[in-house]
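Number of protein chains: 2
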Amino acid sequence: MNSSKEELLKVLETIAPFIHRTPVLTSKLIDEMAGCEIQFKCENFQKMGAFKMRGAMYAISKLSEDQKNAGVVTHSSGNFAQALSLAAKSLNVPAYIVMPESAPEVKKAAVRTYGGKITECPSTLQDREATANRIMKEKGASFIHPSNDMNVILGQGTAATELLLDHPELQIIVCPVGGGGLIAGTAISTHVLLQDCLCIGAEPMEADDAWRSLKSGKIESNASVLTIADGLKTMLGDVNFPIIRDHVSEIIRVSEQEIIAAMRLIWERMKIVVEASSAVALAAIIQQKDKFRNKKVGLIISGGNVDLTNLPF
Amino acid sequence: MNSSKEELLKVLETIAPFIHRTPVLTSKLIDEMAGCEIQFKCENFQKMGAFKMRGAMYAISKLSEDQKNAGVVTHSSGNFAQALSLAAKSLNVPAYIVMPESAPEVKKAAVRTYGGKITECPSTLQDREATANRIMKEKGASFIHPSNDMNVILGQGTAATELLLDHPELQIIVCPVGGGGLIAGTAISTHVLLQDCLCIGAEPMEADDAWRSLKSGKIESNASVLTIADGLKTMLGDVNFPIIRDHVSEIIRVSEQEIIAAMRLIWERMKIVVEASSAVALAAIIQQKDKFRNKKVGLIISGGNVDLTNLPF
């Protein structure tokens with residue numbers, strides 16, 4: 094990682110016309126409960142409802158014109174499929190999305206709404222990779238990984254870049270850890286823009302692969318992922334892991350009850366809809382009060398795409 | 094009603110230090126669905142989560158010093174009880190809140206959190222009025238009605254004042270109709286600040302007293318109030334009715350299904366938590382597409398205090 098401030102500003106400038114500069118909110122009551130001052134960077138208000146729009150946008154914008162004409166492909170059943178579809182659409186690039194046959198119809202419909210072309214396949218990782226490979230060959234499309242791609246990582250980091258430019262007083266920045274794209278991008282932005290600011294990750298106890306990876310020094314996987322934070326079930330990759338290892342000072346693990354309580358607190362007090370994965374970061378701050386006491390803290394609200402018919406409260 | 098622009102600005106200036114200037118949000122997708130351009134004035138982000146903070150604040154600020162020392166009293170089991178408690182607290186004024194014994198414990202707790210002193214009584218209107226009268230005599234406290242008080246009305250109107258100052262291009266402003274305080278204040282602000290802008294009310298079919306009142310020319314009541322929009326069950330009063338009659342161009346009635354669909358749309362697409370009463374206004378716009386087509390519309394989101402354990406979806 095050899096980024097400079099100029100490079101990070103250039104990344105932001107590249108995608109700025111296509112994304113929202115999301116608002117930063119505060120809550121006096123949550124600050125009182127947590128014992129610190131939190132700036133919430135609200136990516137739930139981002140286009141398609143999550144930070145993933147940033148990474149998808151930057152990765153596509155870095156392709157050559159020929160590559161853009163041939164299109165992009167990814168396999169994802171979640172937010173990144175929608176993000177890549179919408180980002181591609183705004184640059185007039187074809188987007189091929191490999192989704193498991195078993196993916197919920199509502200997610201397929203969302204991808205189609207954003208203009209993505211879906212190819213269904215059996216739900217194993219092998220099948221998904223094989224299908225994506227076939228499309229790469231047939232269409233000449235460029236594969237874009239949801240989290241283990243340096244341009245995706247730099248794009249995701251622009252949420253932190255915006256937050257740190259607005260709030261250079263921050264002492265700690267906290268964000269959830271899933272596949273590692275957001276936390277790696279956040280760590281780069283923090284390290285480059287504000288060297289004295291710590292970058293801390295937050296992870297469900299039930300999918301603590303990143304916590305174990307930092308401990309063992311190699312990428313660990315999850316035997317089971319029984320967490321409500323469904324954006325955080327995936328494991329790290331070889332591109333983002335070294336960045337996380339070098340620039341994330343620690344990962345805090347939280348229980349499912351702590352996640353649900355933090356999610357409810359945000360909904361009730363801040364009146365915003367956030368997904369469980371976002372609540373993981375607040376849960377970590379509330380659990381580790383002593384660590385954050387009286388600190389100026391930045392928190393990345395990763396997104397707000399939830400199934401309202403299936404809430405945990 | 095003989096307000097001038099200067100007077101309305103003075104009202105806003107008086108309460109501005111004690112309230113939030115709430116954000117105005119937009120949604121491209123909702124605009125496409127509705128066929129018009131909507132500016133959402135988000136009082137769900139107001140202090141204590143609803144516009145009622147504005148009216149309570151202004152009514153208290155208009156009292157003499159002696160009156161402030163003696164305190165204020167109201168009977169309410171809803172948002173106004175919390176609003177008056179918090180507004181009184183910020184001016185160091187005692188607030189006596191008469192609540193029915195049957196009110197949910199969570200609402201009593203919220204009033205206490207904001208510093209209100211609760212007196213419980215049987216739940217009939219007679220009992221509540223008698224209890225409030227007793228407190229007025231014993232404490233010398235001033236009674237402040239939640240919606241039928243000219244200063245409360247002027248205070249509620251500041252949401253529209255802010256919206257119209259920011260968006261002088263608006264052609265129609267829509268807000269929900271409950272006890273009549275918000276719509277009367279909105280009508281005054283609209284009439285004074287932007288004479289060519291229409292003010293339209295939105296009301297549940299199941300509590301359509303205001304619609305019938307405008308038709309009959311006198312204040313009508315509801316035989317039943319089987320609506321999810323629990324802030325809109327109350328009837329108009331003799332102070333706000335003449336204002337509504339003279340300056341609200343029409344009231345649109347919506348079904349319970351339309352309210353729930355609009356509420357879900359706001360939550361899912363705008364990622365904000367709004368109460369059912371607020372969704373009534375969007376439901377009206379969607380129902381009457383022809384009336385609003387291509388218009389620049391302002392919509393007052395009244396509040397975001399909902400019971401997350403009892404949602405309609």
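Protein sequence lines correspond, in order, to chains A and B. Start counting at 1 in the first sequence, then tack on 93, and there's your number in our numbering. Start counting at 1 in the second sequence, then tack on 93, and there's your number in our numbering. Just so you know, even glycine gets a beta-carbon here, dropped at the ideal spot from N, CA and C. These numbers were taken from a predicted model, which means no experiment stands behind them.
From B:Leu401, B:Gly391, B:Ser309, residue whose alpha carbon lies closest to that of B:Pro116: Numbered from 1 along the second sequence, position 23 holds the residue referred to as residue 116 of chain B. Checking every option, the nearest Cα to that of B:Pro116 belongs to B:Gly391.
My assumption, with CB atoms under 8 Å, is that B:Ile359 sits in contact with B:Cys268. Please give the rounded CB distance. Taking the first residue of the second sequence as position 1, residue 359 of chain B is located at position 266. Taking the first residue of the second sequence as position 1, residue 268 of chain B is located at position 175. Going by Cβ atoms, the distance from B:Ile359 to B:Cys268 rounds to 15 Å, so no, they are not a contact pair.
State yes or no: is the beta carbon of A:Gly397 nearer than 7 Å to at least one beta carbon in chain B? Position 304 of the first sequence, counted from the start, is the residue given in the question as residue 397 of chain A. Closer than 7 Å to some Cβ of chain B, the Cβ of A:Gly397 qualifies, so yes.
In the structure shown, what three-state DSSP assignment does A:Ser235 receive? To locate residue 235 of chain A, count along the first sequence from 1; it is residue 142. Strand.
At 3 residues or longer, what runs of the beta strand (DSSP E) sit wholly inside the segment 192-226 of chain A? 210-214
Whole alpha helix (DSSP H) elements within the segment 110-188 of chain A, 4-residue minimum: 121-127, 145-154, 158-163, 172-183
Using the rule of at least 16 other Cβ atoms within 10 Å of the residue's Cβ for burial, across every protein chain shown, is B:Glu299 buried or exposed? Here residue 299 of chain B refers to the residue found at position 206 of the second sequence. Buried, because 16 or more other Cβ atoms sit within 10 Å of the Cβ of B:Glu299.
For a cutoff of 7 Å on Cβ pairs, would you count A:Lys364 as touching chain B? Position 271 of the first sequence, counting from 1, holds the residue named residue 364 of chain A. Yes, A:Lys364 lies at the interface with chain B (some Cβ there is under 7 Å from its Cβ).
Quick one, are the C-beta atoms of B:Ala127 and B:Ile379 less than 7 Å apart? One-based indexing of the second sequence puts residue 127 of chain B at position 34. One-based indexing of the second sequence puts residue 379 of chain B at position 286. Yes. Within cutoff.
Please state the DSSP three-state secondary structure of A:Val104. Taking the first sequence and counting its residues from 1, the one referred to as residue 104 of chain A is at position 11. Reduced to three states, the DSSP call for A:Val104 is helix.
Considering only their Cβ atoms, is the gap separating A:Ser170 from A:Pro193 smaller than 7 Å? In the first sequence, counting from the first residue as 1, residue 193 of chain A sits at position 100. In the first sequence, counting from the first residue as 1, residue 170 of chain A sits at position 77. In this structure, A:Ser170 lies closer than 7 Å to A:Pro193 by Cβ.
In its own chain, which residues sit with a C-beta less than 7 Å from the C-beta of A:Met146, not counting the 5 before and 5 after it? Numbered from 1 along the first sequence, position 53 holds the residue referred to as residue 146 of chain A. If we look at A:Met146 and ignore the five residues flanking it on each side, its Cβ neighbours are Ile112, Gln139, Lys140, Ala176, Leu179, Ala180.
Continuous beta strand (DSSP E) stretch holding A:Ala295: start and end: One-based indexing of the first sequence puts residue 295 of chain A at position 202. Here the beta strand (DSSP E) through A:Ala295 covers 291-297.
How is A:Gly391 classed by DSSP in three states: helix, strand or coil? Here residue 391 of chain A refers to the residue found at position 298 of the first sequence. Correct three-state label for A:Gly391: strand.
If you reduce the DSSP assignment to three classes, tell me which class B:Arg338 lands in. The sequence position of residue 338 of chain B within the second sequence is 245, counting from 1. B:Arg338 falls in the helix class under three-state DSSP.
By how many angstroms is the C-alpha of A:Asp159 removed from the C-alpha of A:Pro187? As a working note, residue 187 of chain A is residue 94 in the first sequence. As a working note, residue 159 of chain A is residue 66 in the first sequence. Distance between the alpha carbons of A:Pro187 and A:Asp159 is about 12 Å.
Against chain B, with Cβ distances strictly below 7 Å, would A:Trp360 count as a contact? For the purposes of this step, residue 360 of chain A is identified with residue 267 of the first sequence, where counting begins at 1. So, interface residue.
Measuring alpha carbon to alpha carbon, tell me which residue in B:Ile312, B:Thr224, B:Gln381, B:Gln264 is nearest B:Leu329. As a working mapping, residue 329 of chain B is identified with position 236 in the second sequence. Comparing Cα positions, the closest option is B:Ile312.
Do you know how far the Cα of A:Asp289 is from the Cα of A:Ala143? Here residue 143 of chain A refers to the residue found at position 50 when the first sequence is read from its first residue. Here residue 289 of chain A refers to the residue found at position 196 when the first sequence is read from its first residue. The straight-line gap from Cα to Cα measures roughly 28 Å.
Alpha carbon of B:Ile190 to alpha carbon of B:Thr254, nearest angstrom: Stepping through the second sequence from its first residue, residue 190 of chain B is reached at position 97. Stepping through the second sequence from its first residue, residue 254 of chain B is reached at position 161. Their Cα atoms are separated by approximately 29 Å.
For B:Val199 and A:Glu361, what's the separation of their Cα atoms in angstroms? Against the second sequence, residue 199 of chain B aligns to sequence position 106. Against the first sequence, residue 361 of chain A aligns to sequence position 268. Near 13 Å, if we compare the C-alpha coordinates of A:Glu361 and B:Val199.
Would B:Asp302 and B:Ser314 qualify as a contact pair, given that the criterion is a beta-carbon distance under 7 Å? Residue mapping note: residue 302 of chain B aligns to position 209 of the second sequence, counting from 1. Residue mapping note: residue 314 of chain B aligns to position 221 of the second sequence, counting from 1. A contact, by the Cβ cut-off of 7 Å.
Check for me: the beta strand (DSSP E) holding A:Glu343 runs from which residue to which? In the first sequence, the residue the question calls residue 343 of chain A occupies position 250. Note, A:Glu343: beta strand (DSSP E), 343-347.
DSSP on B:Ile353, reduced to helix/strand/coil? Here residue 353 of chain B is taken as the residue at index 260 of the second sequence, counted from 1. Per DSSP, reduced to three states, the secondary structure at B:Ile353 is helical.
Output the boundary residues of the beta strand (DSSP E) element that contains A:Ile246. By 1-based counting over the first sequence, the position of residue 246 of chain A is 153. A:Ile246 -> not in any beta strand (DSSP E); alpha helix (DSSP H) instead, spanning 243-249.
Nearest chain B C-beta to A:Asn241 closer than 7 Å, yes or no? Translated into the one-based positions of the first sequence, residue 241 of chain A becomes position 148. So no, A:Asn241 is outside the interface.
Taking A:Val267 as part of the beta strand (DSSP E), name the residues at either end of that continuous run. Taking the first sequence and counting its residues from 1, the one referred to as residue 267 of chain A is at position 174. Run containing A:Val267: 265-269, per the beta strand (DSSP E) assignment.
Looking at chain A, which residues of the segment 129-159 of chain B have a Cβ within less than 7 Å of any of its Cβ atoms? Taking 7 Å as the cut-off between beta carbons, the residues of the segment 129-159 of chain B near chain A are Asn137, Phe138, Gly142, in sequence order.
Assuming B:Leu319 and B:Ser370 form a contact by the criterion Cβ under 8 Å, report the distance between their Cβ atoms to the nearest whole angstrom. Here residue 319 of chain B refers to the residue found at position 226 of the second sequence. Here residue 370 of chain B refers to the residue found at position 277 of the second sequence. With 8 Å as the limit, B:Leu319 and B:Ser370 do not qualify as a contact, their Cβ atoms being about 15 Å apart.
Hey, does B:Phe111 have any beta-carbon neighbour from chain A nearer than 7 Å? What you label residue 111 of chain B is simply residue 18 of the second sequence in a count that begins at 1. It does not: the Cβ of B:Phe111 has no partner Cβ on chain A nearer than 7 Å.
Please state the DSSP three-state secondary structure of A:Gly396. Position 303 of the first sequence holds residue 396 of chain A. Note: A:Gly396 maps to strand in three-state DSSP.
So with CB distances below 7 Å, who are the chain A contacts of B:Arg357? To locate residue 357 of chain B, count along the second sequence from 1; it is residue 264. The answer, in chain order, is Leu401.
In this structure, does DSSP put B:Ile365 in helix, strand or coil? Position 272 of the second sequence holds residue 365 of chain B. Strand at B:Ile365.
Starting from A:Phe406, find everything on chain B with Cβ-Cβ shorter than 7 Å and list it in chain order. Translated into the one-based positions of the first sequence, residue 406 of chain A becomes position 313. By Cβ distance, chain B contributes Leu401, Thr402.
Under a three-way DSSP split, which group does A:Ile42 fall into? Outside the modelled stretch of chain A, which goes from 94 to 406, sits residue 42 of chain A, for which no answer is possible.
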